[in-house]
Amino acid sequence: MFYAWLYYWQSKKKEIQMKTRTRFAPSPTGYMHIGNLRTALYEYLIAKSTGGDFILRIEDTDQKRYVEGATDIIFQTLKRVGMLWDEGPDIGGNFGPYVQSERKPIYAEYAHKLVELGGAHYCFCAHKDEEEDEENNNPAHAKLKDPCRLIPLEEAKKRIAAGESFVVRQNINKKGTSVFHDVVYGDIEIDYDELDEGVLLKSDGLPTYNFANVIDDHLMQITHVVRGNEYISSTPKYNLIYEAFGWEPPVYVHVPPVMKDAQHKLSKRNGDASFQDLVAKGYLPEAILNYIALLGWNPGDEREIFSLQELEECFSSERLNKSPAIFDIAKLTWMNGCYIRHLSADEFAKLAEPYYADITTPINHMALSAALQPRVETLGQIPEQIDFLQKVPEYDVALYENKKMKTTPEIAKKALELVLPVLEKVSDWNNENLFEVLKTTAVDHEMKNGQILYPVRIALSGKETTPGGATELAVILGKDESIKRIKSALQKLG
RNA sequence: GGUCCCAUCGUCUAAUGGUUAGGACAUCACCCUUUCACGGUGGCAAUAUGGGUUCGAAUCCCGUUGGGAUCACCA
39 MFYAWLYYWQ SKKKEIQMKT RTRFAPSPTG YMHIGNLRTA LYEYLIAKST
89 GGDFILRIED TDQKRYVEGA TDIIFQTLKR VGMLWDEGPD IGGNFGPYVQ
139 SERKPIYAEY AHKLVELGGA HYCFCAHKDE EEDEENNNPA HAKLKDPCRL
189 IPLEEAKKRI AAGESFVVRQ NINKKGTSVF HDVVYGDIEI DYDELDEGVL
239 LKSDGLPTYN FANVIDDHLM QITHVVRGNE YISSTPKYNL IYEAFGWEPP
289 VYVHVPPVMK DAQHKLSKRN GDASFQDLVA KGYLPEAILN YIALLGWNPG
339 DEREIFSLQE LEECFSSERL NKSPAIFDIA KLTWMNGCYI RHLSADEFAK
389 LAEPYYADIT TPINHMALSA ALQPRVETLG QIPEQIDFLQ KVPEYDVALY
439 ENKKMKTTPE IAKKALELVL PVLEKVSDWN NENLFEVLKT TAVDHEMKNG
489 QILYPVRIAL SGKETTPGGA TELAVILGKD ESIKRIKSAL QKLG
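Residues 39 to 532 (the working numbering) make up the first sequence, in order.
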């Protein structure tokens, strides 16, 4: 209890005294996972909400996992959402290098030092093969300490000098209970007996995450370590390393995972969307960022729409949640719709333009964008909404039958016959004029507005639902194409 | 299995001992309307469970159940 208090106090003190430094330390796996991006966001916000620094570090100590071009995706994603780093592989800084594979000599140096300090030992055991041993299921055996610990240090050094392959393995000497404070989870107690003597330096000379993160976080003067809660159970091991070196551990902020459903994490393996997948589907980066900020955090009031800047202003790590959050694409879609609607007409038009690529008919793009903007929640929904612009789809004349509009194919035929000559005379082809003349036509022939407008809309589109009404479609299609489509509809109606 | 962690509407969450348990998404209904949307109004919907502590428990404690994590020369 005393230690818990002490720990908490030290953490608190550190928060107050030092300039906050957080780091995002992804592995270059080739895509930006939503959960990772959220972690990066929280790291960024913890730093920036207190005027601190956000550092980017690449954790590529597992050569088997290396993917070409993966770091570029990391750079691009962070830039795209506006999370700019103060130090990193591309821009350098006072604590470089910022790529772990380039720090190899540093880890080796500290690993050997840790052995001297009694925090680790050399181990010459052969690689443990995968699921080979049933004995692994025997808890008593699993907890057995590494026999190589018994090798005298001098002898171990001789074997290494002789070229024997070795790893550096952590010593767990302590007994009793380890206590540490976490910003999200509070005080956590773990028995030292639960800790295994894991490999710190691999036989290829590169460190494991378990070692590299401690060395780098200390050397880079990271004050707040934010990471997934799967690291909670190994945190005492890291503290042991800090302790052996006489270093002070950082403030820990373990965050719960982002879930796909109640029992599965969001993961690329399950085919779940990554950041770039979502962008490709027409989600705006700003909306994605806003949405994931709220997966596990809330501002304490009822606001939901936040720019990165606004998040920086009101973020507090104390409002981070400890239970997992399910990623709800429906809510993201809604939020994306909000962002789309808040775009200026020009901004939306620019973003929508690429989605018009399949339409070769000469259409009014500006009018189309204006019609689409309030009607789509993702840019990806655009093509299905505008397919009729290229070509009127096959449709049944029964489509002209509409109870609410009080139309039938017969009425539609009459309406289109009345409308055709009127439209041909319209010179200023804009929405206001068109609506005016069509309304007048209805009044002149004692018909309801809908009895004129509905058939026109169907004639122009061949679809039951369209982005915009009759006159809006007419403007989008232009006079020539509109007239053409009405004539061909009349033919169809016999 | 050992250990650690988690548990409020279907989903994201608010309420840090006293609220008719609030908001948002989704859903449903209605209004608006030139189809569909947008927008507006309203409805449905939650404290996993059993014990305590307390005048009073979603909130504190214990058990149960359910879920997750971890026990790698992966991070």
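Heads up, the beta-carbon is just placed ideally off N, CA and C, and yes, glycines get one too.
For clarity, every value in this text was computed on a predicted model and none was experimentally measured.
Closest in alpha carbon position to A146, among E462, D254, T416, is D254. Residue range 296 to 299 is occupied by the beta strand (DSSP E) that includes M297, with no alpha helix (DSSP H) assigned at that position.
Going by DSSP, V494 is part of no beta strand (DSSP E) but of the alpha helix (DSSP H) stretching over 487 to 499. DSSP assignment within the stretch 420 to 493 yields the following whole alpha helix (DSSP H) runs of 4 residues or more, N-terminal first: 420 to 428, 447 to 463, 469 to 482. According to DSSP, residue pairing for Q208 in a beta bridge involves A158.
The beta carbon of L316 sits closer than 6 Å to the beta carbons of I326 from its chain, once the five residues preceding and following it are set aside; these are given in chain order.
Counted as a single uninterrupted DSSP element, the beta strand (DSSP E) harbouring T60 occupies residues 59 to 62. If you draw a straight line from the Cα of W123 to the Cα of L406, it comes to about 39 Å.
The C-beta distance from R495 to A508 rounds to 4 Å, short enough to fall under 8 Å. Secondary structure note for T215: its beta strand (DSSP E) is the uninterrupted segment 215 to 220. Under the three-state reduction of DSSP output, E125 falls in the strand class. Judged by DSSP secondary structure, F365 falls outside any alpha helix (DSSP H); it is assigned neither H nor E. Boundaries of the beta strand (DSSP E) around R265: 262 to 266. The three-state secondary structure of W372, taken from DSSP, is helix. D225: member of the beta strand (DSSP E) spanning 224 to 229, first to last residue. Just so you know, the alpha carbons of V296 and L239 end up roughly 31 Å apart. When M373, G418, S382, Q411 are compared, the shortest CA-CA separation from A395 is found for G418. With contacts defined as CB atoms closer than 8 Å, V252 and Y276 qualify as a contacting pair.
The straight-line gap separating the alpha-carbon atoms of I449 and Q489 is approximately 7 Å.
Spatial neighbours of T77 in its own chain (CB-CB distance under 8 Å, excluding positions within 5 residues in sequence) are listed in chain order as F62, V264, R265, G266, V293. Looking at the backbone, the Cα of P412 and that of Y148 are separated by about 59 Å.
A distance below 8 Å separates the beta carbons of L498 and L511. Taken through DSSP and simplified to helix, strand or coil, D100 comes out as coil. Between S526 and S345, the alpha-carbon positions lie close to 49 Å from each other. DSSP, reduced to helix, strand and coil, places G507 outside both helices and strands of the structure shown, so it counts as coil. Between Y160 and I96, the C-beta gap is not smaller than 8 Å, which leaves the two residues out of contact.
For the pair of segments examined, the stretch 297 to 310 was found not to touch the stretch 385 to 394: the number of CB pairs separated by less than 8 Å stays below three. Taking a cut-off of 8 Å on C-beta distances, the stretch 452 to 466 does not touch the stretch 420 to 436, as fewer than three cross pairs fall below it.
For H302, the pairing in a beta bridge is given by DSSP as D299. Spanning the alpha carbons of N132 and V414 requires a straight line of approximately 47 Å. Exposed is the label assigned to Q301, since fewer than 16 other Cβ atoms lie within 10 Å of its Cβ. For V414, there is no enclosing alpha helix (DSSP H), as DSSP marks it with neither H nor E.
Judged by their CB atoms, E342 and Y377 are not nearer to each other than the 8 Å cut-off. Q138 is positioned such that its CB atom lies closer than 8 Å to that of D98.
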